[in-house]
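Chains as they are written, first to last, in numbering that gives the first Met the number 0: chain A, 0 to 275; chain B, 0 to 116. Here a beta-carbon is modelled for each residue, glycine too, at the ideal position from N, C-alpha and C. No experiment lies behind these values; they were computed from the predicted model shown. First comes the structure, then the notes that go with it.
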Amino acid sequence: MIAALIIVFREVFEAGLIIGIVLAVTRSVPNRNRWIGGGLVAGIAAACVVAIFAGGLSHLFAGMGQEVFNATILSIAVVMLTWHNVWMARHGRELAGDMRAIGQAVAEGSKSLLALAVVVAVAVLREGSEVVLFLYGVLASGDDTTVGVALGGFGGMLLGAATCALTYFGLLRIPMRALFGTTTVLIALLAAGMAAQAVAFLMQANWLTALDTVAWDSGWLLSDSSIIGRALHTLIGYTDQPTVMQLAVYLAVLLATFVLMRMFSTPAKMSRTAQA
Amino acid sequence: MFASISFRSVCVAVALAGVSLFGAIGARAQSTEIQISYKDKAFTPAEVSIPANTAVTFKVKNLSDKAMEFESKPLKIEKVIAAKSEAIINVRPQKAGQYKFVDEFNEDVAIGKVIVK
């Protein structure tokens, strides 16, 4: 039972953190629960589909279907997170301040919510399919241990939900004014970390072989399989043996986010255009 | 309007970054193949020896009627293998040493080891 609890918790932990952050980011956006809930349900449904077709998926791309699939959905999440940050750089002020602009911002806001709902779905889908396979395997076996394992699995999911709640309420303690800056940084790091993970999958598939030397090994300091290592892995993309390519992509995503946010958050230029 | 432009720009920027980084796609070297089978929560062979600094391929056959996840933290591998099916796993060139692998769903009993020398 404890083993099942640990396995399930480990898988849903990452999704819990991500959903907690997304909820905090969207705290003042109307209808956000519907979107985030939709992302959650879509993620669970997709996880079941992926679990059912796990065998078939593996055989795509000369046996590398799973890796390519993981890299693809991670990349989608990276694009969505980056786009959200750029969007917030443009409209965040309206949401927080000018009430007259809020009508338009709400209409526009649903686009940003869609992006974040996709992120939630991807987070749930990624680890969820493993939970489904694991629990299905145990339930199908019909051992005496089945009930215990089911309870453990359920407990693991509750712990995952608790992680989500802790992250959310933890972030809510940050004052509104500082929250925007904090979540922008959090989301940029989240995106960079996911991009580095996508690189890891492409390397595992041998699709990407350039710059594959390990940049450093900090496993002696903090293993990425420890609980803190795992949390940091999700939050900032920590890995104890990053390759040079992972580092390069990580930094590229951060730089791209920074540049795009600067490019599109030009209030001075914007007001001049509006006057003209 | 700007929002839609920015969305497209982000996509384009990411795609361009992707294309420029992926110059090295397709350099798939032929490598030694090693067969491992998995049944009743045990790997056969449970110990695999491979040469150092050489890429190898594991062909892992899951003979059990449940899915398993072949995982090795030190080798940076995680791959779900469906029931009664086979998966190809690329192992990148490694330094000499011992590397553990497990079925993540039964990680306390289903353990194997790669010896690189």
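Using a cut-off of 9 Å between C-beta atoms, extract the partners of residue i located in chain A.
i, result
"B/GLU32", "Here the premise fails: no neighbours, minimum Cβ distance about 12 Å."
"B/GLU68", "GLU129, LEU132 and PHE133"
With C-beta atoms as the reference, is residue i less than 8 Å away from residue j?
i, j, result
"B/ALA51", "B/LYS112", "no"
"A/ALA194", "A/TYR249", "yes"
"A/ALA14", "A/TYR167", "no"
"B/ALA54", "B/VAL90", "yes"
"A/PHE12", "A/ARG229", "yes"
"A/LEU73", "A/GLN196", "yes"
"A/MET260", "A/VAL85", "yes"
"B/SER36", "B/ILE114", "no"
"B/GLU68", "B/GLU103", "yes"
"A/CYS47", "A/VAL131", "yes"
So residue i contacts chain A; which residues on that side make the cut at Cβ distance below 7 Å?
i, result
"B/ALA86", "SER57 and GLY62"
"B/PHE104", "ILE6, PHE133 and GLY136"
"B/LYS72", "SER224"
"B/LYS117", "Absent from the model: residue 117 of chain B. The displayed extent of chain B is 0 to 116, so no value can be given."
Is residue i helix, strand or coil when you go by DSSP?
i, result
"A/TYR237", "coil"
"A/ASN30", "coil"
"B/MET67", "strand"
"B/ILE87", "strand"
"B/ALA41", "strand"
"A/ILE35", "helix"
"B/LYS75", "coil"
"B/ASN52", "coil"
"B/SER30", "coil"
"A/SER224", "coil"
"A/SER217", "coil"
"A/SER264", "coil"
"A/LYS110", "helix"
"B/GLN172", "Outside the shown range of chain B (0 to 116) lies residue 172 of chain B, about which nothing can therefore be said."
"A/THR242", "strand"
"B/GLU106", "coil"
"A/PHE168", "helix"
"B/PHE57", "strand"
"A/ILE72", "helix"
"A/ILE173", "coil"
Using a Cβ-Cβ cutoff of less than 7 Å, which residues in the same chain neighbour residue i once the five nearest sequence positions on both sides are dropped?
i, result
"A/PHE68", "LEU56"
"A/ALA41", "ALA120"
"A/GLY147", "MET0"
"B/SER71", "TYR98, LYS99 and PHE100"
"A/VAL258", "none"
"A/LEU80", "VAL118, ILE186, LEU189 and ALA190"
"B/GLY22", "Since pLDDT at B/GLY22 reaches only 43, below the 50 mark, its modelled position is unreliable, and the value read off the structure follows with that caveat. Contacts found: none."
"B/SER84", "ASN61"
In chain B, which residues lie with their C-beta within 8 Å of the C-beta of residue i?
i, result
"A/ASP211", "ARG91"
"A/ALA139", "ASP64 and LYS65"
"A/ALA122", "None at all; the shortest Cβ gap to chain B is about 16 Å."
Could you work out which residue in the options is closest to residue i when comparing CA atoms only?
i, options, result
"A/SER27", "A/GLY37, A/VAL213, A/SER109 and A/MET0", "A/SER109"
"B/LEU74", "B/ILE88, B/ALA109 and B/ASN61", "B/ILE88"
"A/ALA214", "A/GLN196, A/PHE200, A/ALA191 and A/PRO241", "A/PRO241"
"A/ILE18", "A/LEU138, A/GLY228 and A/VAL118", "A/VAL118"
"A/LEU134", "A/ALA161, A/ALA251 and A/PHE8", "A/PHE8"
"A/LEU124", "A/ASP239, A/GLY37 and A/ARG229", "A/GLY37"
"A/MET202", "B/ILE114, B/LYS60 and B/PRO92", "B/PRO92"
"B/SER30", "B/LYS58, B/ALA66 and B/ALA45", "B/LYS58"
"A/HIS83", "A/THR25, A/ALA45 and A/THR208", "A/THR25"
"A/TRP113", "A/THR208, A/ASN30 and A/TRP206", "The displayed chain sequence assigns Leu, not Trp, to residue 113 of chain A. That would be A/ASN30, whose Cα lies nearest to the Cα of A/LEU113."
"A/LEU253", "A/VAL77, A/MET175 and A/TRP219", "A/VAL77"
"A/ALA122", "A/ASP239, A/SER224, A/VAL21 and A/SER264", "A/VAL21"
"A/ILE6", "A/MET63, A/ALA45 and A/ALA149", "A/ALA149"
"A/HIS58", "B/LYS116, B/ALA81, B/ILE33 and B/GLN34", "B/ALA81"
Could you name the residues of chain A that residue i contacts, counting a contact when the two beta carbons are closer than 8 Å?
i, result
"B/VAL143", "The structure shown has nothing for residue 143 of chain B, since chain B only spans 0 to 116."
Starting from residue i, find everything on chain B with Cβ-Cβ shorter than 9 Å and list it in chain order.
i, result
"A/GLN203", "LYS75, ILE76, GLU77, LYS78, ILE88, ASN89 and ARG91"
"A/ALA149", "Under the 9 Å cutoff, chain B gives no residues; its nearest Cβ is about 14 Å from A/ALA149."
Please list, in chain order, the chain B residues whose beta carbon lies closer than 7 Å to that of residue i.
i, result
"A/ALA199", "LYS75"
"A/ALA2", "ASP107"
Can you name, in chain order, every residue of its own chain whose Cβ lies under 6 Å from the Cβ of residue i, other than the five neighbours on each side?
i, result
"A/LEU4", "GLY151, GLY154 and GLY155"
"B/LYS40", "ASN105, VAL108 and ALA109"
"A/GLY66", "First, the amino acid is wrong: residue 66 of chain A is Glu here, not Gly. Counting only Cβ-Cβ distances below 6 Å, and skipping sequence neighbours, we find PHE200, GLN203 and ALA204."
"A/LEU158", "PHE8"
Within the same chain, show all residues whose beta-carbon is closer than 8 Å to that of residue i, passing over the 5 residues directly before and after it, in chain order.
i, result
"A/ALA116", "TRP34, ILE35, GLY37, GLY38 and ALA41"
"B/ILE33", "VAL47, ILE49, VAL55, THR56, PHE57 and LYS58"
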